[in-house]
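S.K.:
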Amino acid sequence: MLTKQFTIPVINKHQKQLILMWLSGLGLGTLLLISPWLGLAGAIGELFVILALSRPVYLCYVVILTTVLASGMIRGAIIPYLIPNEAVLVLVTALAFPAILTVSRRRQASSSGLIITGLVILSAGTSVFPLLIYLVRGVNLSVNEIFSLIAPLQYLLIYLIFRYLPRHEGEARAILRLMMVCAAVVGLVGLLQTMRVEFILNLLGTWYRSSHEEAALEAGRVSSLLGAWNSLGTFLMLNLLVLRAISIVKPALMSQKTLFLVMVFCTGCLIASGSYAGLIGLALGLLLFETFDSRGRMTIIILLVSIVILAIPLRDNILIRFAFQFRYGGFIPQTLDYRFMVWEDVFWPIIQKTWLWGFRPDLPATLAWQSPESQYLGLLLRSGIFSLLAHISWVGVTLVWLYRNIHTSNDLCRSLSVSAFILFIVLSIMGLTNPVFTFSGVIEYLWILLGLIGVIRES
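Start counting the sequence shown at 765; every next residue gets the next number (the working numbering).
1) Once you ignore the five residues that flank Val1190 on each side, which residues in its own chain have a CB closer than 7 Å to its CB?
2) What's the call for Phe861, buried or exposed, on a 16-neighbour Cβ count within 10 Å?
3) Counting C-beta neighbours from all protein chains within 10 Å, is the total for Thr1130 16 or more, i.e. buried, or is it exposed?
4) State the start and end residues of the unbroken alpha helix (DSSP H) segment that holds Pro1113.
5) Can you find the residues in the same chain that come closer than 6 Å, C-beta to C-beta, to Thr830, ignoring five residues on each side of it along the sequence?
6) In this structure, does DSSP put Gly1215 in helix, strand or coil?
7) Report the three-state DSSP secondary structure of Leu846 (helix, strand or coil).
8) Alpha carbons only, please: which of Ser1147, Ala1036, Gln1139 and Ser1037 is nearest the one belonging to Lys1117?
9) Does the Cβ-Cβ distance between Ile1220 and Ala936 come in under 7 Å?
10) Taking only runs that begin and end inside the region 934-1007, name each unbroken alpha helix (DSSP H) of 4 or more residues, in chain order.
11) Check whether the Cβ atoms of Met1027 and Leu1002 lie closer than 7 Å to each other.
12) Taking 6 Å as the limit between beta carbons, can you name the residues of its chain near Val1106, skipping five residues before and five after?
13) Okay, do the region 819-835 and the region 891-899 touch, 3+ Cβ pairs below 8 Å being the bar?
14) For Gly934, count neighbouring Cβ atoms within 10 angstroms of its own Cβ and tell me buried if that reaches 16, exposed if not.
15) Just checking my contact of Leu1216 with Leu1166 at CB under 8 Å: how many whole Å lie between their CB atoms?
16) Is it buried or exposed, Arg901, if we count other Cβ atoms within 10 angstroms and call 16 or more buried?
17) Rounded to whole angstroms, what is the Cα-Cα separation between Val1161 and Ala888?
18) I'd like the list of long-range same chain contacts for Ile1066, defined as Cβ closer than 8 Å, with 5 residues on each side in sequence excluded.
19) Tell me whether Phe1203 is buried or exposed, calling it buried when 16 or more other Cβ atoms sit within 10 Å of its Cβ.
20) Since Ile847 and Ala834 should fall inside the 8 Å C-beta cutoff, what is the C-beta to C-beta distance between them, to a whole number of angstroms?
21) Alpha helix (DSSP H) containing Trp1121: first to last residue?
22) Let me make sure I understand the geometry here. Which of Ala1041, Pro1077, Ser1037 and Leu1152 has the alpha-carbon closest to that of Ile1115?
23) Compute the beta-carbon to beta-carbon distance between Thr1197 and Glu1108, rounded to the nearest angstrom, for a pair I have assumed lies under 8 Å.
24) Which whole-angstrom value is the C-beta distance of Tyr845 and Val907, which I expect to be below 8 Å?
25) Within its chain, find whatever has a CB closer than 6 Å to the CB of Ile772; leave out the 5 residues flanking it on each side and keep chain order.
26) Tell me, please, whether the region 916-931 touches the region 987-1003 by the rule of three or more beta-carbon pairs shorter than 8 Å.
27) Can you name the start and end residues of the alpha helix (DSSP H) that Arg1178 belongs to?
28) Return the CA-CA distance between Ile879 and Ile1156, expressed in angstroms with no decimal places.
29) For Leu905, tell me which candidate among Leu1127, Gly954 and Thr1172 has the shortest Cα-Cα distance.
30) Are any of the Cβ atoms in chain B nearer than 7 Å to that of Tyr825?
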């Protein structure tokens, strides 16, 4: 009896490429038949995938751009339940995952062990564990509340992307330059908002609409692309402290003219934001820098002179803000005095009853005030004492890791580690009166810095 032997044909690399090209063309053609706009979106998507696979570090650029340009947009306005930058982060992670696995196996794990430990503590204590507790307790959570609880897990994704996709210090430097340029764009948009440029006001009113944006100019403040003046002030403070750090690095990260221009835009917008917390945090951060490295005193002098000069054209905004804060007299700003009252009358009675497991991830509309205006009270309300302890532990572990990196011989790694160390101290203090570790742009930039420090340390 004769039997036929069937063999599976072997497809070589060239043939695989042809098949992929054919499938790609077929897909684009199908989308074009449905809609030209779908075809255009498909073409952009395919180009994005090709660039991502050829140079994975480009994915880092995409995360930075979408963080700055999209994190201040309204949740669910474009993509259901999500802010656009969150959806992009998921897509980027999916594309970057193979590269992350490959690179992470080759690189040493010893220098990252402590920071990973802190990240696990933060993710488990503020996300995974609270979600499980709510489910065990039978609490009926909304979709938004579930997203609120799992939100800290995105920090793990950001860290992995910026820790393993950049291959060496040169790519880390390019990422830092893009971060500073994006900060300058945010500052420029804020200054144009102060000048009431119609195009900017329409842009913000359409895509970045919020209660902060709507009330910003009446209160003598601006919100720029971040949608909230507190987030904006903290974001600009963070970038100015990073600029202070990189201004002394040799070889220089960027030209002195570029550095000065970024500093002017960020400083001017910080003043226009009316964020006292951001200005005080900047002053405290610059003082702390003196205990680590005094080489950047000229940068501090230029920054202080810039603040004085820029305050002149922005004096009307400053006076409006000052009059608002002290309109009832006394030495305590009105917003801080009001926080004390809200904490005592609204939130503390709830915390006394629910401090162990938390009250709700999202506060109900029946409360007289919707925001606890504090990182620490917010954690207690959101997910209880274990969540607060996890956050404090993460900050402590990260500070130890950064302090160890301060003693490295790499000048850029040392300077960034100093700036991140100072930022954690300043933000922890600011967290008493603002949930700064959840501010759009701020927390993403903070985790990006941690990832880049790990890259530069091993370069």
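A virtual CB, placed ideally from N, CA and C, is assigned to each residue, including glycine.
M.R.: Concretely, from the data shown:
1) If you number the sequence shown from 1, residue 1190 lands on position 426. The answer, listed in chain order, is Gly1045, Leu1048 and Gly1049.
2) Locating residue 861 in the sequence shown gives position 97, where the first residue counts as 1. Exposed, since its Cβ has fewer than 16 Cβ neighbours within 10 Å.
3) Reading the sequence shown from its first residue, position 366 is the one you call residue 1130. Thr1130 should be labelled exposed.
4) Position 349 of the sequence shown, counted from the start, is the residue given in the question as residue 1113. Pro1113 -> alpha helix (DSSP H) spans Trp1112 to Thr1118.
5) Residue numbering aside, residue 830 sits at position 66 when the sequence shown is read from its first letter. Hits under 6 Å: Asn849 and Val852.
6) As a first step, residue 1215 must be located in the sequence shown, where it is residue number 451. Here Gly1215 sits in helix by DSSP.
7) Taking the sequence shown and counting its residues from 1, the one referred to as residue 846 is at position 82. In this structure, Leu846 counts as strand in the three-state DSSP scheme.
8) The count along the sequence shown starts at 1 and reaches residue 1117 at position 353. Checking every option, the nearest Cα to that of Lys1117 belongs to Ser1147.
9) Along the sequence shown, read from residue 1 onward, the residue named residue 1220 stands at position 456. Along the sequence shown, read from residue 1 onward, the residue named residue 936 stands at position 172. A contact, by the Cβ cut-off of 7 Å.
10) 962-971 and 975-980
11) As a first step, residue 1027 is located in the sequence shown; it is residue number 263 there, counting from the start. As a first step, residue 1002 is located in the sequence shown; it is residue number 238 there, counting from the start. Cβ distance not < 7 Å, so Met1027 and Leu1002 don't count as in contact.
12) The residue labelled residue 1106 in the question sits at position 342 within the sequence shown. Hits under 6 Å: Trp1133.
13) no
14) Sequence index remark: in the sequence shown, residue 934 carries index 170 (1-based). So Gly934 counts as exposed.
15) Within the sequence shown, numbered from 1, the residue matching residue 1216 stands at position 452. Within the sequence shown, numbered from 1, the residue matching residue 1166 stands at position 402. The Cβ separation is near 12 Å, so there is no contact.
16) Indexing the sequence shown from 1 puts residue 901 at position 137. The residue in question, Arg901, is exposed, as its Cβ has fewer than 16 Cβ neighbours within 10 Å.
17) The residue you call residue 1161 lines up with position 397 of the sequence shown. The residue you call residue 888 lines up with position 124 of the sequence shown. Whole-angstrom Cα-Cα distance: 15 Å.
18) Residue mapping note: residue 1066 aligns to position 302 of the sequence shown, counting from 1. Here the set comprises Phe1024 and Met1027.
19) Within the sequence shown, the letter at position 439 stands for residue 1203. The residue is buried, with at least 16 neighbouring Cβ atoms inside 10 Å.
20) For the purposes of this step, residue 847 is taken as the residue at position 83 of the sequence shown. For the purposes of this step, residue 834 is taken as the residue at position 70 of the sequence shown. With a Cβ gap of about 7 Å, Ile847 and Ala834 count as contacting.
21) If you number the sequence shown from 1, residue 1121 lands on position 357. From DSSP, Trp1121 is part of no alpha helix (DSSP H); its letter is neither H nor E.
22) Counted from its first residue, the sequence shown places residue 1115 at position 351. The shortest Cα separation from Ile1115 among Ala1041, Pro1077, Ser1037 and Leu1152 belongs to Leu1152.
23) The residue labelled residue 1197 in the question sits at position 433 within the sequence shown. The residue labelled residue 1108 in the question sits at position 344 within the sequence shown. Not really, about 14 Å apart at Cβ, beyond 8 Å.
24) Translated into positions along the sequence shown, residue 845 becomes position 81. Translated into positions along the sequence shown, residue 907 becomes position 143. Tyr845 to Val907, Cβ: 6 Å. Contact.
25) Taking the first residue of the sequence shown as 1, we reach residue 772 at position 8. For Ile772, the predicted model reports a pLDDT of 49, less than 50, meaning its position is unreliable and no value from the coordinates is stated.
26) no
27) Working through the sequence shown from its first residue, we reach residue 1178 at position 414. Counting along the chain, the alpha helix (DSSP H) containing Arg1178 begins and ends at Asp1175 to Met1194.
28) Taking the first residue of the sequence shown as 1, we reach residue 879 at position 115. Taking the first residue of the sequence shown as 1, we reach residue 1156 at position 392. Roughly 14 Å between the two C-alpha positions.
29) Against the sequence shown, residue 905 aligns to sequence position 141. Ranking Leu1127, Gly954 and Thr1172 by Cα distance to Leu905 puts Leu1127 first.
30) No chain B appears in this structure, which consists of one protein chain only.
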